[in-house]
Structure formats: structure tokens, C-alpha cells
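Numbering of the sequence shown is given in UniProt numbering, commencing with residue 1 and proceeding in unit increments.
Beta carbons are placed, not taken as given, at the ideal position from N, Cα and C, and that holds for glycine.
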Amino acid sequence: MARACLLASMAFFIGLIGCGGEDSPPPPPEPPEDGGEITLDAQIHSALLALDNYKSVCNRTPESPSCQPQAFRFEPNEFSMFPDTGEAILIVDEFSQLPLRAIRYKNRLKGFFRARAGGDIQPVQFDWNTPSTLFGVLTRFAIPDLIPAESLRRLSVRLNEVFGPPSSENFGHGNIIFSLLIEANPRQPVVVLDRPTLPGIAPEEFCDASAESHPALLQKSEHVASELVRVMTEHNVRFVNVSFGETFETIRDSWRRVCVGNLPSDSILREKLAAYKPIVEALSKTPGVFAAQAAIDASNAQDFPYDYPSQEYPNRVLAGYFTALTSGLDEQGRGNSDALVGWPQRQNVDLYLNSGVLPQRPFPYNQTPLLQVDGFGTDIYPITTTATSWIAPLALSRFIHLRYSGFENEEMSDELIEKIRARMVPVACGNPSTACVFQDPLLHGQIEAVRLGYRNRLYQEQ
């Protein structure tokens with residue numbers, strides 16, 4: 001839903017106006033004489049003028065200071081969003097940096113964290129290095145209430161013309177997860193955590209080829225787990241996206257990549273894998289916190305101990321996917337699911353969700369595909385290849401939708417999570433071992449962005 005009006009922030013404008021002279025971008029639009037708010041169209045028009053001026057100046061004098069990248073610090077104390085449920089999403093994934101698109105949503109980010117050697121989780125001091133005009137233009141639209149990306153499509157075209165596609169600045173697995181969640185859940189603040197790894201928190205213990213260091217490795221993993229719970233408590237995290245995992249194979253590959261010497265025995269590697277369990281428990285077993293995890297094709301519980309549906313992790317769902325242009329499923333997942341093929345195998349998932357995007361080139365999609373925001377946060381478009389990493393955010397968004405559409409006045413608790421999980425895979429589907437597990441929430445607008453009017457149910461191309 002495009003917001004008709006927005007207030008201009010003088011701090012944003014300073015970055016755009018510069019110090020005067022011919023190299024300065026045009027000033028922001030003047031407030032209406034009646035004292036009203038500046039319209040979104042006027043803001044977009046002013047931003048387009050700033051981009052045109054930047055292009056003109058930097059084509060003539062590329063050495064100009066205004067054309068050079070500058071450092072802009074991410075400041076969590078600038079968090080400012082409204083409406084705000086106060087219940088945050090934690091994205092745990094690979095984040096060597098915050099993506100460029102996060103500038104557009106920086107007022108919705110409560111923190112950016114990383115686990116250090118030893119296990120302490122600390123804030124990351126991070127700077128975006130970008131021309132001041134680009135930073136100012138994107139910041140101009142980072143206001144308390146979300147401006148949907150598709151309402152800024154005119155700006156997206158010009159940004160790509162002037163700066164080119166920001167591929168390197170948005171590189172990384174976690175950045176895609178960010179692009180799938182940030183607008184699908186417009187009233188949930190976000191916390192970003194560069195995912196903790198055993199080699200990262202305990203390099204010496206992890207690379208010890210003997211079994212002697214196992215107690216110390218486990219102790220550091222337990223410390224990270226306690227730090228995770230602390231961060232989640234401090235920021236009232238109630239929803240976690242887990243599009244990664246540890247298996248025997250990933251532990252073995254990590255050892256080969258970061259350690260030297262002969263590869264330890266399989267039994268010692270499995271001990272190292274077992275040391276990861278406290279972190280899994282913190283993400284999937286913390287009271288009142290729900291986790292959506294990407295399912296994988298796990299062949300056995302010994303090598304994939306964390307990748308099977310289990311009562312040991314009652315606050316988690318393992319999400320798989322299916323791809324269909326027409327699923328034929330109703331709001332509860334009822335319908336003929338015989339022709340639907342889910343991945344991975346049934347024993348590895350709690351439910352399958354439809355991406356609406358077929359897996360073969362040119363990746364045709366239906367009218368309700370899984371959407372992500374573009375590299376600047378100024379447009380949305382369908383994903384291409386479907387993967388469980390990308391479907392886990394949809395499972396999380398569906399849970400959040402159920403939480404606020406049906407249980408808004410209830411406090412988050414393990415009991416409420418159990419109720420909502422039952423709604424995600426309702427028994428009304430008939431046979432719970434087959435039809436219930438196939439769901440098509442995007443077909444029925446079952447995400448908060450649609451329910452609250454920030455996004456149309458049917459996707460419309462530019």
C-alpha cells in the first residue's frame with residue numbers, strides 16, 4: 001500500500017544538498033504553503049533530480065569529492081519505526097556486511113551482531129561506503145512507516161542507470177534472506193546476526209584433531225548459546241530465520257578449509273558436530289521464540305542430527321518447497337495434492353510451501369510468486385531458483401501472519417507457538433501425512449504485507 005504522504009527529514013537532506021555551488025544536488029521540495037506534508041511523488045521527483053545532477057556532475061568531473069564513496073556508519077540508535085509490534089525478527093545467516101539495500105531500511109534494524117572468538121556476541125561497527133547522493137536518496141525513504149518498494153519503481157530505474165546494479169554490495173546468502181523478509185513483515189523490527197560457526201568461535205579447539213579439546217569446544221558453544229538468548233531477550237526477538245545448518249559433511253568441509261594436518265577420524269568429527277547442539281537449542285528451543293529452518297535432504301540421523309522433525313525442538317518448523325503455477329489448494333491447504341511434488345523427502349519436513357516459480361529456465365512464475373526487494377530497496381520481483389533457504393523466510397512470514405491475524409492479543413509463549421504450528425498444517429486437510437503438509441500462503445495473501453495493505457496479493461510487473 002503506497003503511503004500518500006511522508007515527512008522530510010532534514011538530516012537526510014543535508015547529505016543531498018552539499019555545500020553549495022554547481023556540484024550540489026537540488027534541494028528537497030519545499031513544504032506546502034498550507035503546512036501539510038510533502039507528497040511521496042514530490043519526494044521521488046526531488047530524488048530523481050538529485051540523481052540526474054549527480055550523474056551530470058560526475059560525468060564531467062569524476063574526481064569531484066561528491067562523486068567519491070564516503071563512509072556512513074550504521075547507527076542502531078537511529079531505530080525509528082511505527083507501527084511496531086515490538087516483536088523482532090532475528091536473521092541468522094552469512095553477513096560479512098550489511099547489504100546496500102539495508103540503507104533503505106536502516107531505521108527498522110535494531111542491531112547487527114557477530115560472535116567473536118571465545119563466544120561473545122558483540123555489535124558490529126559497520127560503514128556503508130557509498131556516494132553521499134546515493135546514501136541520501138535511499139535514506140530519504142527510510143521513514144517510520146514502511147514505504148513499499150514497488151511504489152519507488154521510478155526511482156529504481158534511475159538508480160540502476162546511474163550506479164549500475166549493486167551486485168557486489170548485496171552479495172551473500174544472508175542478504176537474499178534479508179530481501180525476502182524485510183517488506184513481507186512491515187511491522188516487525190529486524191536484528192541481523194552473522195551466523196556463529198565453531199571454527200569462528202573456537203578455532204584452536206575446532207582444529208584439534210584429538211578428542212581432548214571437546215569439553216572446551218562444547219563450553220564455548222554453550223557460551224554462544226547463552227549470548228544468543230541474551231541478544232534475543234534484549235531485543236524481544238520472537239521470530240528466527242535459520243536458512244543454514246551444520247551436518248557431518250559441513251563440519252568435515254570446514255575442517256579441511258580452515259585447519260592443517262590430517263583429517264580427524266569420523267568419530268571425532270561427529271563429536272565436533274555434537275558440540276553445535278547448544279546453538280541449535282538456543283535458536284529452536286528458547287521459550288516463546290519460533291524458528292523457521294530450511295529443510296535439507298538428510299539421509300540419516302547420525303550425520304544430520306539437527307535436520308529431522310523432532311519433539312526435541314517444539315518451537316521450530318522445517319520448511320520444504322514445491323513449485324506450481326496452479327496448486328489448487330484452498331486457504332487451509334485442502335485440495336488435490338497428488339500432483340504436487342515436494343522437496344526434500346517427507347521425513348525431512350514439517351510442511352511444503354509453494355514458491356509459485358517453476359525451476360526450469362526461464363523460471364516462469366504465477367501471479368502470486370515469492371518476492372524479494374531489489375538491490376536498492378526500490379522495487380520487488382520474483383525469485384528465480386527456488387531453494388529451501390528462500391522458502392524458510394516464507395514459512396516464517398506465514399507464522400507471523402497467523403500470530404497477528406488470529407492471536408494478536410495473546411502473549412508469545414510455547415503454548416501459543418504450538419497453536420500456530422497446528423494452524424500452519426491444519427488437520428482439516430484430511431490426511432495429515434499428505435495433503436496437510438502442502439500449503440500455498442501466497443495464493444491466499446497469507447502474509448502481513450498483504451493483510452495490512454502494504455502489498456497487493458497479485459504481483460504486477462513494472
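Beta-carbon contacts of I14 that lie in its chain and below 6 Å, excluding the five residues immediately before and after: By one-based count along the sequence shown, residue 14 stands at place 14. The predicted position of I14 is uncertain, since its pLDDT is 36 and thus under 50; a value taken from the coordinates is nonetheless stated next. So the list is empty, once near-sequence residues are dropped.
Counterpart residues of V450 in DSSP-defined beta bridges: The residue you call residue 450 lines up with position 450 of the sequence shown. Beta-bridge pairing links V450 to no other residue.
Classification of F82 by the beta-carbon crowding that lies within 10 angstroms, buried from 16 upward: In the sequence shown, residue 82 corresponds to position 82, counting from 1. With fewer than 16 Cβ atoms within 10 Å of its Cβ, F82 is classed as exposed.
F141 - DSSP class collapsed to helix/strand/coil: Position 141 of the sequence shown, counted from the start, is the residue given in the question as residue 141. If DSSP states are grouped into helix, strand and coil, F141 belongs with coil.
Which listed residue (G136, P148, D120) has its alpha carbon closest to that of N72: As a first step, residue 72 is located in the sequence shown; it is residue number 72 there, counting from the start. It is Phe, not Asn, that sits at residue 72 in the sequence shown. Closest option to F72, Cα to Cα, is G136.
Rounded separation between T85 and I182 - CA only: One-based indexing of the sequence shown puts residue 85 at position 85. One-based indexing of the sequence shown puts residue 182 at position 182. Those two C-alpha atoms are separated by around 14 Å.
Same chain, Cβ closer than 7 Å to A301, five either side skipped, listed in chain order: As a first step, residue 301 must be located in the sequence shown, where it is residue number 301. Cβ within range, chain order: Y308.
Y454 versus G377, I147, I400, D440, residue with shortest Cα-Cα distance: Against the sequence shown, residue 454 aligns to sequence position 454. Closest by alpha carbon: I147.
Complete beta strand (DSSP E) runs within the stretch 370 to 435 (minimum length 3 residues, chain order): 371 to 373, 380 to 382
Proximal residues to S310 (C-beta, below 7 Å), its chain only, five neighbours per side dropped: Sequence index remark: in the sequence shown, residue 310 carries index 310 (1-based). Same-chain partners within the cutoff: there are none.
Local conformation of Q462 per DSSP, three classes: Against the sequence shown, residue 462 aligns to sequence position 462. In the structure shown, Q462 sits in coil (DSSP, three-state: anything other than H, G, I, E or B).
Straight-line gap, F363 to F171 (C-alpha atoms, nearest Å): Taking the sequence shown and counting its residues from 1, one reaches residue 363 at position 363. Taking the sequence shown and counting its residues from 1, one reaches residue 171 at position 171. Going from the Cα of F363 to the Cα of F171 covers about 21 Å.
Same chain only: Cβ atoms within 7 Å of S405, ignoring 5 sequence neighbours per side: Locating residue 405 in the sequence shown gives position 405, where the first residue counts as 1. Around S405: R451.
Buried versus exposed, by CB contacts within 10 Å (16 or more), S167: As a working mapping, residue 167 is identified with position 167 in the sequence shown. By the 10 Å Cβ count, S167 comes out exposed.
Where R60 falls: helix, strand or coil (DSSP): Sequence index remark: in the sequence shown, residue 60 carries index 60 (1-based). Looking at R60 - three-state DSSP - the assignment turns out to be helix.
Residue nearest to Y365 in terms of C-alpha spacing, selected from S96, L442, W128: Reading the sequence shown from its first residue, position 365 is the one you call residue 365. Closest by alpha carbon: L442.
Sequence-distant residues of the same chain with beta carbon closer than 6 Å to V258, five excluded per side: Position 258 of the sequence shown, counted from the first residue, corresponds to residue 258. Same-chain partners within the cutoff: P199.
Strand pairing of R114, partner residues [DSSP]: Taking the sequence shown and counting its residues from 1, the one referred to as residue 114 is at position 114. Q122, D194.
Terminal residues of the beta strand (DSSP E) in which A71 lies: Counted from its first residue, the sequence shown places residue 71 at position 71. It spans 70 to 73 - the beta strand (DSSP E) in which A71 sits, taken as one unbroken run.
Cβ contact check for the stretch 103 to 123 and the stretch 332 to 352: 3 or more pairs under 8 Å: no
Distance CB(E78)-CB(K106) smaller than 8 Å: Against the sequence shown, residue 78 aligns to sequence position 78. Against the sequence shown, residue 106 aligns to sequence position 106. Their beta carbons are under 8 Å apart, which means E78 touches K106 by this criterion.
Segment contact, 8 Å Cβ cut-off, at least three pairs: the stretch 187 to 204 with the stretch 265 to 282: yes
Cβ-based burial, S397 [other Cβ within 10 Å; buried from 16]: Position 397 of the sequence shown, counted from the start, is the residue given in the question as residue 397. By the 10 Å Cβ count, S397 comes out buried.
6 Å Cβ shell around L325 - same chain, five flanking residues per side excluded: Within the sequence shown, the letter at position 325 stands for residue 325. Excluding positions up to five away in sequence, the list reads N366.
For R316: DSSP bridge partner residues: As a working note, residue 316 is residue 316 in the sequence shown. BP columns for R316 point to A291.
Contact the stretch 278 to 295 vs the stretch 239 to 248: 3+ CB pairs below 8 Å: yes
Own chain, CB closer than 6 Å to S389, minus 5 neighbours either side, in chain order: As a position in the sequence shown, residue 389 is number 389, starting the count at 1. Closer than 6 Å at the Cβ level, and outside the excluded window around S389, lie S243, A294.
Extent of the continuous alpha helix (DSSP H) to which T130 belongs: As a position in the sequence shown, residue 130 is number 130, starting the count at 1. Counting along the chain, T130 falls outside any alpha helix (DSSP H), though it belongs to the beta strand (DSSP E) covering 127 to 130.
Contained alpha helix (DSSP H) runs [length at least 4] in the stretch 235 to 314, N- to C-terminal order: 248 to 258, 266 to 274, 277 to 285
Residue nearest to R361 in terms of C-alpha spacing, selected from N354, L134, T386: For the purposes of this step, residue 361 is taken as residue 361 along the sequence shown, with counting starting at 1. Among N354, L134, T386, the Cα nearest to that of R361 is on T386.
Pair within 8 Å by beta-carbon distance, I201 and V229: Looking up residue 201 in the sequence shown gives position 201. Looking up residue 229 in the sequence shown gives position 229. No, Cβ-Cβ distance for I201 and V229 is not below 8 Å.
Other residues of its chain near V427: CB distance less than 8 Å, five sequence neighbours each side excluded: Translated into positions along the sequence shown, residue 427 becomes position 427. Same-chain partners within the cutoff: C436.
Spatial distance of S64 from A47 (CA atoms): For this step, residue 64 is matched to residue 64 along the sequence shown. For this step, residue 47 is matched to residue 47 along the sequence shown. Distance between the alpha carbons of S64 and A47: 20 Å.
L90, enclosing beta strand (DSSP E) - first and last residue: Sequence index remark: in the sequence shown, residue 90 carries index 90 (1-based). L90 -> beta strand (DSSP E) spans 88 to 93.
Residue interval of the beta strand (DSSP E) (run including residue 463): Here the chain covers residues 1 to 462 and nothing more, so residue 463 does not appear.
Check whether K272 and I251 have beta carbons under 8 Å apart: By one-based count along the sequence shown, residue 272 stands at place 272. By one-based count along the sequence shown, residue 251 stands at place 251. Cβ distance < 8 Å, so K272 and I251 count as in contact.
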